[in-house]
Structure formats: structure tokens, C-alpha cells
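Student:
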Amino acid sequence: MNPEVIVLGGCVTDFTVYTPRLPVPGETVVAKLFQYGYGGKAANSAYMCVLLGVHTILISKLGDDYFGQNYLKHLEAIGINVRHVTVEKNCSSPIANITVADSGENSIVYFPGCLDRIAETDIKSAESMFKRAKVFACVFEAPMTVIRLALQLARQHRMITYVNAAPNVSESLLKDCLPLIDYICVNETEGSTLVCTIKGEPQGLLSDQEVVDFLLSAGVGTVIITKGKKGAVFSQEPTKLQSVAAEPVTNVVDTTGAGDAFNGSFIYHLARNIQLPLEDKIRKACGIASLSVQKKGTQPSYPKKEELADKFL
48 MNPEVIVLGG
58 CVTDFTVYTP
68 RLPVPGETVV
78 AKLFQYGYGG
88 KAANSAYMCV
98 LLGVHTILIS
108 KLGDDYFGQN
118 YLKHLEAIGI
128 NVRHVTVEKN
138 CSSPIANITV
148 ADSGENSIVY
158 FPGCLDRIAE
168 TDIKSAESMF
178 KRAKVFACVF
188 EAPMTVIRLA
198 LQLARQHRMI
208 TYVNAAPNVS
218 ESLLKDCLPL
228 IDYICVNETE
238 GSTLVCTIKG
248 EPQGLLSDQE
258 VVDFLLSAGV
268 GTVIITKGKK
278 GAVFSQEPTK
288 LQSVAAEPVT
298 NVVDTTGAGD
308 AFNGSFIYHL
318 ARNIQLPLED
328 KIRKACGIAS
338 LSVQKKGTQP
348 SYPKKEELAD
358 KFL
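Per the working numbering: the sequence shown = residues 48 to 360.
Written out as C-alpha cells, the structure reads:
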């Protein structure tokens with residue numbers, strides 16, 4: 048079977064505690080529950096694609112430790128193609144310490160481990176997949192030189208390119224990548240950070256319009272800014288900002304990974320429903336993200352295709 052989607056980025060083991068509220072600096076808060084799970088923005092997005100029935104290949108690295116061994120078995124079990132997930136010797140696997148408050152808000156400390164060892168050779172060895180797949184998606188969990196090469200290869204093979212510009216990075220190569228991106232997705236904070244970093248300006252919160260106008264003028268095809276419970280805004284033309292409302296949610300349990308559920312759902316529509324209007328793609332992806340926040344955990348909170356109403360597909 049030909050691959051439909053290639054995702055580049057991290058497989059991160061999550062250590063999650065649930066607390067009444069997020070602690071302030073210097074404070075110890077007693078947790079009510081601890082969960083060990085599987086995350087990483089790229090792996091989460093790939094998993095959402097697989098749940099929706101899309102043949103998905105992940106390009107990533109894991110360490111030769113207990114967490115890496117477990118994660119590789121997990122990827123195989125959930126149906127992600129792991130041909131290009133390699134194990135790096137003498138290196139730690141990525142981990143994240145996550146605190147989730149009763150309100151559903153979270154705080155995350157992320158250790159990338161072996162992800163900085165993802166190399167250009169890892170991309171070149173997967174070129175045959177680039178020739179056959181429809182969509183290339185990535186997050187900023189790999190070195191920017193590697194991301195740039197992957198975007199160039201995707202463009203060369205006429206793939207649709209989708210980038211979730213997170214976690215935040217501070218590299219000059221960012222601007223070089225923008226003309227290679229068909230769709231870029233950021234949240235409100237990430238958008239401001241990305242633009243200020245590229246412009247070499249002090250960090251500050253920019254308006255949605257400022258973020259959109261800069262990224263479009265730099266060569267990005269479409270800009271999407273996710274806004275949590277408020278949905279998302281998007282634009283393909285400067286000064287023309289459109290909004291999409293999110294599904295109303297009355298029981299927010301855990302927002303961890305909701306953005307990745309959006310990514311995977313949107314990528315699914317790029318691969319399977321390219322003729323669907325952009326606004327509808329975003330609305331459906333927002334809807335699936337809204338479903339994910341009503342359960343604990345990251346990947347365990349994602350709905351399977353057979354559980355979804357037609358309005359999400």
C-alpha cells in the first residue's frame with residue numbers, strides 16, 4: 048500500500064499528573080492521579096491520521112533505553128509505519144513532564160533527548176516514500192536543517208506541505224523554510240513567537256492579523272491560528288482574516304494534545320478530501336480537537352473513525 052502521509056518529528060513518553068491547580072514557582076502540590084503514556088506532537092498527529100484510516104509513515108528517533116523500546120512497540124501496535132523510526136545508541140528517548148489542573152489547563156516541561164540527532168541522511172533514506180505520498184507534515188521537533196531538507200524534498204515531489212510551528216525555536220533557517228510551506232498552523236502564542244524570532248525582534252504578543260500578514264508575505268500559502276475553545280482563524284490573502292467557531296464543550300477534562308488532534312484531523316482532510324473547502328476542513332478538525340479535551344490523556348483521548356459523526360469526516 049502506498050503511503051498517504053509522512054510525518055517528521057518526535058515520539059515523546061509522557062509522565063502526566065493531575066492536580067487541583069497548576070503550582071506556582073516554589074510550591075509543591077499533591078497530585079490526584081499519575082499516568083504514563085505516549086505523546087510527542089508528531090507521533091500524536093500521526094496517530095490521529097491512523098485512527099482516521101490514513102496510511103501514515105513516521106520519521107523519528109528513539110533512544111536505546113526502556114522508554115524507547117516501549118514506544119517502538121506502541122507505534123507498531125497502533126499501526127503507524129515505523130520503517131523510518133530508528134534507535135539511537137547511547138542516547139535518551141524524549142520525555143515530557145505534564146501537569147494538568149482541574150480546569151483542563153496544562154503545563155509541560157519537555158526534554159527532546161535524541162531528537163536533535165535526526166539527520167539529513169534519515170530524510171534521504173526515505174525519499175522513495177516522498178515520491179509516493181500525498182502530504183508531508185512536520186513539527187519543530189527535529190533540527191531545522193533536517194526540516195528544510197524534508198520540505199525541499201516534499202516540494203520537489205509535489206507533495207502538500209503542512210507545518211505546525213511548535214515547539215518554539217530560535218534559528219535563522221526559519222525564514223528559508225516559509226516559501227516551502229503550503230499550510231502553517233500555530234496557536235496565538237506560537238504565531239507571535241515565530242514572527243518575532245524571524246524578524247529578530249523582542250518577543251511580544253502580536254495580533255492575528257500581524258502574524259498572518261507577515262507569514263503570507265514571506266511565502267506561506269495558508270496560515271491557520273488555533274484559538275482553543277474559540278476555534279480558529281485562517282487566511283490565504285493578506286488583510287482577509289476568516290474565523291471558524293469551535294464545537295461547544297461543557298466538560299473540559301484535559302487539553303493536552305488537542306492541537307495535535309487538530310493537526311492529524313486536518314492532515315487527513317488534505318490527504319483524503321482535498322476538494323473540501325478550507326473552512327470546512329478547519330471546522331471538522333476543530334470538532335475532533337473539541338472531542339479530545341473531554342477525556343484524560345493525549346493519544347487515549349483521540350476518537351476512532353467509527354466513533355465519529357459524519358459532520359467530522
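We treat Cβ as the ideally placed atom computed from N, Cα and C, and that holds for glycine.
#1: Please work out which residues of its chain come closer than 6 Å, Cβ to Cβ, to VAL280, disregarding the five sequence neighbours upstream and downstream, and give them in chain order.
#2: Thinking C-alpha only, which one of VAL156, ILE314 and GLU51 is nearest VAL59?
#3: Report the rounded CA-to-CA distance for LEU105 versus TYR65, giving the unit in angstroms.
#4: Assuming contact is defined by CB atoms lying nearer than 7 Å, are THR345 and GLY304 in contact in what I supplied?
#5: Looking only at DSSP bridge pairs, what is ASN144 linked to?
#6: For a test of the three-state rule: what should DSSP assign to GLN289, helix, strand or coil?
#7: Ends of the beta strand (DSSP E) at SER254?
#8: Spatial neighbours of ASP169 within its chain, please: CB distance less than 8 Å, with the 5 preceding and 5 following residues excluded, ordered by chain position.
#9: Hey, out of GLY160, SER150, LYS274 and VAL52, whose CA is closest to ASP111's CA?
#10: To the nearest angstrom, how far is the alpha carbon of ALA173 from that of LYS181?
#11: Runs of 4 residues minimum, wholly inside the segment 75 to 114: which ones carry the alpha helix (DSSP H) assignment?
#12: Along the beta strand (DSSP E) that carries ALA173, what are the first and last residues, could you check?
#13: Please confirm if the segment 293 to 301 is in contact with the segment 143 to 158, defined as three or more CB-CB distances below 8 Å between the two stretches.
#14: Does the segment 258 to 276 come within contact of the segment 225 to 240, defined as at least 3 CB pairs closer than 8 Å?
#15: Could you tell me the distance, in whole angstroms, from the CA atom of CYS138 to the CA atom of PHE309?
#16: Relative to the C-alpha of ASN128, which residue among TYR349, THR269, MET48 and LEU198 is closest?
#17: If you draw a straight line from the C-alpha of GLU135 to the C-alpha of ARG164, how long is it?
#18: What first and last residue would you give for the beta strand (DSSP E) that runs through GLN346?
#19: Hey, out of ARG179, ASN211, PHE81 and THR146, whose CA is closest to LEU55's CA?
#20: Buried or exposed: ASN144, going by 16 or more other Cβ atoms within 10 Å of its Cβ?
#21: CA-CA distance, GLY87 and ALA148?
#22: Could you give the distance in angstroms between the alpha-carbon of VAL267 and the alpha-carbon of ILE321?
#23: Bridge partners for ASN211 per DSSP, in chain order?
Tutor: Put simply:
#1: Only ASP255, ILE272, LEU288 and SER290 meet the Cβ criterion.
#2: Checking every option, the nearest Cα to that of VAL59 belongs to VAL156.
#3: Those two C-alpha atoms are separated by around 29 Å.
#4: Yes, they are a contact pair.
#5: DSSP lists PHE62 and VAL156 as partners of ASN144.
#6: Residue state for GLN289 is assigned as strand, using DSSP reduced to three classes.
#7: Annotation for SER254: no beta strand (DSSP E) segment contains it, and DSSP assigns it neither H nor E.
#8: Within the same chain, ASP169 has close Cβ partners ILE106, LYS108, HIS131, THR133 and VAL193.
#9: Nearest to ASP111 by alpha-carbon distance, out of GLY160, SER150, LYS274 and VAL52, is GLY160.
#10: Taking the straight line from one Cα to the other gives about 14 Å.
#11: Uninterrupted alpha helix (DSSP H) stretches at least 4 residues long and entirely within the segment 75 to 114 occur at 88 to 98, given in chain order.
#12: Counting along the chain, ALA173 falls outside any beta strand (DSSP E), and DSSP gives it neither H nor E.
#13: Below 8 Å, enough C-beta pairs join the segment 293 to 301 and the segment 143 to 158 to call them touching: three or more.
#14: Judged by Cβ distances under 8 Å, the segment 258 to 276 makes contact with the segment 225 to 240, as three or more pairs qualify.
#15: For CYS138 and PHE309, the distance between alpha carbons rounds to 31 Å.
#16: Closest by C-alpha distance to ASN128, out of TYR349, THR269, MET48 and LEU198, is MET48.
#17: Cα to Cα, the separation comes out at about 8 Å.
#18: Where GLN346 is concerned, there is no enclosing beta strand (DSSP E), because DSSP gives it neither an H nor an E.
#19: Restricting attention to ARG179, ASN211, PHE81 and THR146, the CA atom closest to the CA of LEU55 is found in ASN211.
#20: Residue environment for ASN144: exposed (fewer than 16 other C-beta atoms within 10 angstroms of its C-beta).
#21: Roughly 20 Å between the two C-alpha positions.
#22: Spanning the two alpha carbons is a distance of roughly 18 Å.
#23: For ASN211, the pairing in a beta bridge is given by DSSP as VAL186 and CYS232.
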